[in-house]
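**Student:** Protein chains in written order, with UniProt numbering: chain A, 1 to 406; chain B, 1 to 406.
1) What is the residue span of the beta strand (DSSP E) that residue 54(B) lies within?
2) In the region 21–32 of chain A, which residues sit with their C-beta less than 8 Å from some C-beta in chain B, listed in chain order?
3) Between the Cα of residue 394(B) and those of 260(B), 51(B), 134(B), 384(B), spot the shortest distance and give me the residue it belongs to.
4) Tell me the rounded alpha-carbon separation between residue 163(B) and residue 254(B).
5) Hey, quick one: how far does the alpha helix (DSSP H) through residue 127(A) stretch, first residue to last?
6) At the level of alpha carbons, what is the spacing between residue 318(A) and residue 161(B)?
7) Using a Cβ-Cβ cut-off of 9 Å, state whether residue 327(B) counts as contacting chain A.
8) Along the beta strand (DSSP E) that carries residue 256(A), what are the first and last residues, could you check?
9) For the beta strand (DSSP E) containing residue 425(B), list its first residue and its last residue.
10) Does the beta carbon of residue 154(B) come closer than 9 Å to any beta carbon on chain A?
11) In angstroms with no decimal places, state the Cα-to-Cα distance between residue 368(A) and residue 200(B).
12) Name the residue from 289(B), 117(B), 125(B), 57(B) whose alpha carbon lies nearest to the alpha carbon of residue 85(B).
13) Counting Cβ pairs closer than 8 Å, one from the region 170–185 of chain B and one from the region 247–262 of chain B, do we hit at least three?
14) With a threshold of 8 Å, are at least 3 pairs of Cβ atoms found where one atom belongs to the region 140–150 of chain B and the other to the region 127–147 of chain A?
15) For the ligand SAH, is there any heavy atom lying closer than 8 Å to the beta carbon of residue 9(B)?
16) Under 8 Å by Cβ, that's how I've got residue 345(A) and residue 266(A) pegged, so tell me the actual separation to the nearest angstrom.
17) When the cut-off is 9 Å and only beta carbons count, does residue 349(A) lie next to chain B?
18) Could you run through the region 161–184 of chain B and flag, in chain order, every residue whose CB is less than 8 Å away from some CB of chain A?
19) For residue 303(B), which residues of its own chain have a beta-carbon under 7 Å away from its beta-carbon, when the five flanking residues on both sides are left out?
20) If I follow the unbroken alpha helix (DSSP H) through residue 149(A), where does it start and stop?
21) Who are the Cβ neighbours of residue 73(B) in its own chain at under 6 Å, not counting the five residues just before and after it?
22) Taking only beta-carbon positions, decide if residue 112(B) is within less than 9 Å of chain C.
23) How about residue 278(B) and residue 272(B): do their beta carbons lie closer than 9 Å?
24) Find the nearest neighbour of residue 95(B) within the set 41(B), 83(B), 168(B), 52(B), judged by alpha-carbon distance.
25) Check whether chain A comes within 9 Å of residue 336(B), counting only Cβ atoms and requiring the distance to be less than that.
26) Counting only Cβ pairs nearer than 8 Å, list the residues of chain A close to residue 68(B).
27) Does the CB of residue 268(A) have a neighbour CB from chain B at under 9 Å?
28) Tell me which residues share the same chain as residue 410(A) and place their Cβ nearer than 6 Å to its Cβ, disregarding the 5 neighbours each side in the sequence.
29) Among all the DSSP beta bridges, which residues are the ones paired with residue 179(A)?
30) Please classify residue 280(B) as buried or exposed, where buried requires at least 16 other C-beta atoms within 10 Å of its C-beta.
31) Looking at chain B, which residues of the region 116–127 of chain A have a Cβ within less than 7 Å of any of its Cβ atoms?
32) Strictly below 9 Å CB to CB, what residues from chain B border residue 202(A)?
33) Can you check which of these residues, 339(A), 49(A), 41(A), 151(A), is closest to residue 204(A) by C-alpha distance?
34) Any Cβ of chain B within less than 9 Å of the Cβ of residue 40(A)?
35) Tell me which residues share the same chain as residue 166(A) and place their Cβ nearer than 6 Å to its Cβ, disregarding the 5 neighbours each side in the sequence.
36) Looking at the secondary structure, which residues open and close the beta strand (DSSP E) in which residue 383(A) lies?
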């Protein structure tokens, strides 16, 4: 098997140590990592199994399948999971100093994604190994993953390059009369041949995305369940968001909100295009989105509160008379300006009300001011930025302007 | 908004009534449907919210977003979810005869997919409305969804047609020297322009799939975490299954295991192709997979136990000396012969040990005997069948034969 570890051993160790530090501060005795993305982050492998991390000492990746492959992918100690109903006994055997008689343990897990059925099973099995409570540790994981290391940043940059190339390659086929779906298929082809894994992972329950969306005119402004600023008519009630079979028309906004996932990492960017000319109101709104993103870019220095960036964007919208159209319309407005990206498209931090976290170097954030006009369409722009000590550095490669096609 | 219901009101009512019958038998007082796919099945809408179904009386879909869109998509009564922390009070108000003082309620939910964090929140909120326990009702949902109605069957047939067309359109580009990824991109393009929603949904935690896989030679035989008979090298540790950048070579098996999702419903099929000629051992194994699928097809009449079909396939493998290669190799063998398909790719029934459920008319099952040869590749065939009163009817449209390219 031509398989090698793609996260260096030192980096895996460092990530585990950072989690152990958080565990010690929070009086957590051990962490059980269950989700494939979290497994990959902390071990370098997303084989099927459970990664057990004690607050001090060596972690073990208990693998159900494929044990052989996991051994090649990770620097963490790997063991066969074996019969699942004996998992509690296995831990008791492997970590005797942790599971001592009479000691009540607090074991954390990624409960924001772990299904309740498996949670109950794990609680029962861990109960057999002593007195344990399985508590929610997902916030610790999300907090750690918020700060990207150089390897992660280089992968997001690679994804940014792929999206820029795919957009360039496809633009000459964006014409009056093509359907949203047909042109999206073309963009997705260009992304895929460049190594897009075929989907962009989302952490949120019931949320799904393939490569974003290309939505035009009135079809773009249809609200959806998707927790984002633009919806899209979609392909029916069983796929009620993103591209539809609507035909791209002259003088209507075309929102090109696309991304991809390269070597595990996603990028997210939006450009607005028009064949001909935008209606005056929408042109104005697009310009406001440009001015908001520029102002946000200036303000994104370490120490600025995420919530503050959202509030300032809201103030700009109010000053421009566009409050009702910002990030959706009416009851279906999304309540944020941007979001962290990385292994998943919906990471922390969120530029939103109540998110009083100060920016830190290493955060990567997609900022996406958009305006929705029912019956007319959606306009806006989205760039992804790395927060550095000196301020925001744009990772997005596509030219930041309205795309006007003849 | 040009949005209409795509599941007739009568059918939605019938599905809810079937669940209510199961609830009455099992002494469940109400059901809370939380997952997008389950929501779509029971309401016709997958907007973000909770569908509350009492064991008798009218259901309510409490929608967070988009309320406006949900009203157009479903025949079920729709209400705004409102402030989530008041959800228990809302139910108490809307269903006073259910939430009576002193009565302990058993409320079921789809706990096989609902994240533990949300489960705990819902338990707390429902607790506020009286004494309630939130129990696992996922088996009831899976059992009901096992039997497809004519609308569902027609959609699976539409998906089968799309896959057959996409395969035909792409085969002339399957040549020596093309990469798995590049040819898969081509297949996916053909699927997408015909309405594939961009992904095939899976119920299993940590399982993901876009359009299946095209895997060739040694790269196909690499084991993965994915719970299926073939793995694939994938695009790195962050996407460790399915297509890789491996180059398709002459005289090696090319496993084309593809599907798509049309109007919510998936199809799953596999064909084996070769440019030139298969090695003798693999040619023989391919012929055994053909004879197993034909024998299974004959045996798939109502009343046959699912477990029995798996056992008979195992016996055929043993008789052919291929037991070690069946559905993966060694420790990484998958333990099934086939699986239900519908809204998700991993539905019930499963043709596996211990699955002592008799076949019934309306089941749709993908049967996929495959053989793995480390270092050489994977061969096999997969068709999807509808169980009728008279036996199995193939839904797969592609010709059931080894594809030999010059």
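A virtual CB, placed ideally from N, CA and C, is assigned to each residue, including glycine.
**Tutor:** Let me spell this out:
1) If you number the second chain from 1, residue 54(B) lands on position 54. Secondary structure note for residue 54(B): its beta strand (DSSP E) is the uninterrupted segment 48–54.
2) Against chain B - using a Cβ distance shorter than 8 Å - the region 21–32 of chain A contributes no residues.
3) Along the second chain, read from residue 1 onward, the residue named residue 394(B) stands at position 394. Nearest to residue 394(B) by alpha-carbon distance, out of 260(B), 51(B), 134(B), 384(B), is 384(B).
4) Start at 1 with the first residue of the second chain, and residue 163(B) comes out as number 163. Start at 1 with the first residue of the second chain, and residue 254(B) comes out as number 254. Cα to Cα, the separation comes out at about 17 Å.
5) As a position in the first chain, residue 127(A) is number 127, starting the count at 1. The continuous alpha helix (DSSP H) containing residue 127(A) extends over residues 116–127.
6) Against the first chain, residue 318(A) aligns to sequence position 318. Against the second chain, residue 161(B) aligns to sequence position 161. In this model, residue 318(A) and residue 161(B) are separated by some 51 Å (Cα to Cα).
7) Your numbering for residue 327(B) matches position 327 in the second chain. With 9 Å as the cut-off, residue 327(B) does not count as an interface residue toward chain A.
8) For the purposes of this step, residue 256(A) is identified with residue 256 of the first chain, where counting begins at 1. Counting along the chain, the beta strand (DSSP E) containing residue 256(A) begins and ends at 253–262.
9) This structure cannot settle anything about residue 425(B), because the visible part of chain B is limited to 1 through 406.
10) Translated into the one-based positions of the second chain, residue 154(B) becomes position 154. No, residue 154(B) lies away from the interface with chain A (no Cβ there is under 9 Å from its Cβ).
11) Counting from one through the first chain, the residue named residue 368(A) turns up at place 368. Counting from one through the second chain, the residue named residue 200(B) turns up at place 200. The alpha-carbon atoms of residue 368(A) and residue 200(B) are separated by roughly 28 Å.
12) Indexing the second chain from 1 puts residue 85(B) at position 85. Put simply, of 289(B), 117(B), 125(B), 57(B) the residue whose alpha carbon is nearest the alpha carbon of residue 85(B) is 125(B).
13) A contact exists between the region 170–185 of chain B and the region 247–262 of chain B.
14) Touching, no, given that fewer than three Cβ pairs across the two stretches are closer than 8 Å.
15) As presented, the structure is devoid of all ligands, the ligand SAH included, so that no description of it is given.
16) To locate residue 345(A), count along the first chain from 1; it is residue 345. To locate residue 266(A), count along the first chain from 1; it is residue 266. With 8 Å as the limit, residue 345(A) and residue 266(A) qualify as a contact, their Cβ atoms being about 5 Å apart.
17) If you number the first chain from 1, residue 349(A) lands on position 349. Using a Cβ-Cβ cut-off of 9 Å, residue 349(A) does not count as an interface residue toward chain B, since no Cβ of chain B sits closer than that to its own.
18) Taking 8 Å as the Cβ-Cβ cut-off against chain A, the residues of the region 161–184 of chain B that qualify are 181, 182, 184.
19) As a position in the second chain, residue 303(B) is number 303, starting the count at 1. Shown here for residue 303(B): same chain residues with a beta carbon closer than 7 Å to its own, the five before and five after excluded, namely 358, 359 in chain order.
20) Within the first chain, residue 149(A) is the residue found at index 149, counting from 1. Residue 149(A) -> no alpha helix (DSSP H), and no H or E assigned at all.
21) The sequence position of residue 73(B) within the second chain is 73, counting from 1. Counting only Cβ-Cβ distances below 6 Å, and skipping sequence neighbours, we find 5, 44, 45.
22) Reference to chain C is not applicable here, since the protein chains of this structure are A and B.
23) Here residue 278(B) refers to the residue found at position 278 when the second chain is read from its first residue. Here residue 272(B) refers to the residue found at position 272 when the second chain is read from its first residue. Cβ distance < 9 Å, so residue 278(B) and residue 272(B) count as in contact.
24) Locating residue 95(B) in the second chain gives position 95, where the first residue counts as 1. Looking at 41(B), 83(B), 168(B), 52(B), the one whose alpha-carbon comes closest to that of residue 95(B) is 52(B).
25) Counting from one through the second chain, the residue named residue 336(B) turns up at place 336. Taking Cβ atoms only, chain A never reaches closer than 9 Å to residue 336(B), which makes this a no.
26) As a position in the second chain, residue 68(B) is number 68, starting the count at 1. Simply 223, 331, 332.
27) Against the first chain, residue 268(A) aligns to sequence position 268. It does not; no Cβ of chain B falls within 9 Å.
28) Outside the shown range of chain A (1 to 406) lies residue 410(A), about which nothing can therefore be said.
29) Working through the first chain from its first residue, we reach residue 179(A) at position 179. In the DSSP secondary-structure assignment, residue 179(A) is bridged to 247(A).
30) By 1-based counting over the second chain, the position of residue 280(B) is 280. Sixteen is the threshold: since fewer than 16 other Cβ atoms of the shown chains lie within 10 Å of the Cβ of residue 280(B), the residue is exposed.
31) The region 116–127 of chain A vs chain B, Cβ under 7 Å: 116, 117, 118, 119.
32) Reading the first chain from its first residue, position 202 is the one you call residue 202(A). Within 9 Å Cβ-Cβ: nothing; residue 202(A) doesn't reach chain B, min ~11 Å.
33) As a working note, residue 204(A) is residue 204 in the first chain. Closest by alpha carbon: 339(A).
34) The sequence position of residue 40(A) within the first chain is 40, counting from 1. Output row for residue 40(A): interface = yes.
35) The count along the first chain starts at 1 and reaches residue 166(A) at position 166. For residue 166(A), where only same-chain residues beyond five positions count, the Cβ hits under 6 Å are 187, 190, 191.
36) As a working note, residue 383(A) is residue 383 in the first chain. Annotation: the continuous beta strand (DSSP E) that includes residue 383(A) extends over 383–388.
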